[in-house]
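Residue numbers (this note's numbering): -13 to 203.
The beta carbon of each residue, even a glycine, is placed where N, CA and C say it ideally should be.
Take a look at the structure set out below.
Shown next, in the form of structure tokens:
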């Protein structure tokens, strides 16, 4: 919404230099297809991106390929969650049927990786819906601490450190892992979920910055 946009600092409203994802149902369906289906363009032809979801989801390097990358399309309604769930279950059924028949092929040893990864992906979908429902039932948590007893923390007169914020937001804290993730975010506008959690945790716990004030970044 327009009100939500005004909360984003002007310097962050422009497009990111190396953005790789664009809106629209066609892009969403293509992403879902190459996530769920075997493709010669992934890992030397051994399978689609979803096969490596379970192992690659945490690393900021492998997550570029192994994550579904569907979150913005689900958020903005370019693809329905029901379709994602339906096609994921269909893929799981095909893999289980192939395993049951004990078909031997070049990919036979990889099916376990597929099933484990798609189970993990299904679990993440459920967690996404859980937090969406929580935000819908308690919309105030967007503006206040989940635990109200912590409302005063990081909000005392001398708590905010502008130099710490600038260093964090520009990727110059001196902590290479944090800085690499922040520079990646600035360049591409995307960071996998574990790294998002890491950079925010670093800002709030190590730098003692108020999450409300860093959130627009």
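Query raised in the report: Can the beta-carbon of residue 54 be found less than 8 Å from the beta-carbon of residue 107?
Result: Contact: yes.
Query raised in the report: Roughly how many whole angstroms lie between the Cα atoms of residue 30 and residue 77?
Result: Per-residue confidence for residue 30 stands at a pLDDT of 42, beneath the threshold of 50, marking its modelled position as unreliable; no derived number is given.
Query raised in the report: Below 8 Å between beta carbons: does that hold for residue 168 and residue 154?
Result: The answer is yes: Cβ separation under 8 Å.
Requested in this report: Measure the alpha-carbon distance for residue 207 versus residue 80 and round it to whole angstroms.
Outcome: Any property of residue 207 remains undetermined from this structure, which presents the chain solely from -13 to 203.
Report task. Report all residues from its chain with a CB closer than 7 Å to the CB of residue 175; omit the five preceding and five following residues, and keep chain order. Result -> Only 2, 5 meet the Cβ criterion.
Query raised in the report: Would the segment 129 to 144 and the segment 37 to 48 be scored as touching if the rule is three or more Cβ pairs under 8 Å?
Result: Under the 8 Å Cβ criterion, the segment 129 to 144 does not count as touching the segment 37 to 48, having fewer than three qualifying pairs.
Query raised in the report: residue 213: which of 119, 58, 102 sits nearest, CA to CA?
Result: Nothing can be reported for residue 213, as the shown portion of the chain is limited to -13 through 203.
**Report entry** Simplified DSSP assignment, three categories, for residue 154
**Finding:** Residue state, collapsed to three classes: helix.
Query - Helix, strand or coil at residue 48 according to DSSP, with G and I counted as helix - result: If DSSP states are grouped into helix, strand and coil, residue 48 belongs with coil.
Query raised in the report: Relative to the alpha-carbon of residue 159, which residue among 126, 185, 52 has its alpha-carbon at the smallest distance?
Result: Nearest of 126, 185, 52 to residue 159, Cα basis: 185.
Query raised in the report: At what residues does the alpha helix (DSSP H) containing residue 174 begin and finish?
Result: 162 to 174 is the extent of the alpha helix (DSSP H) around residue 174.
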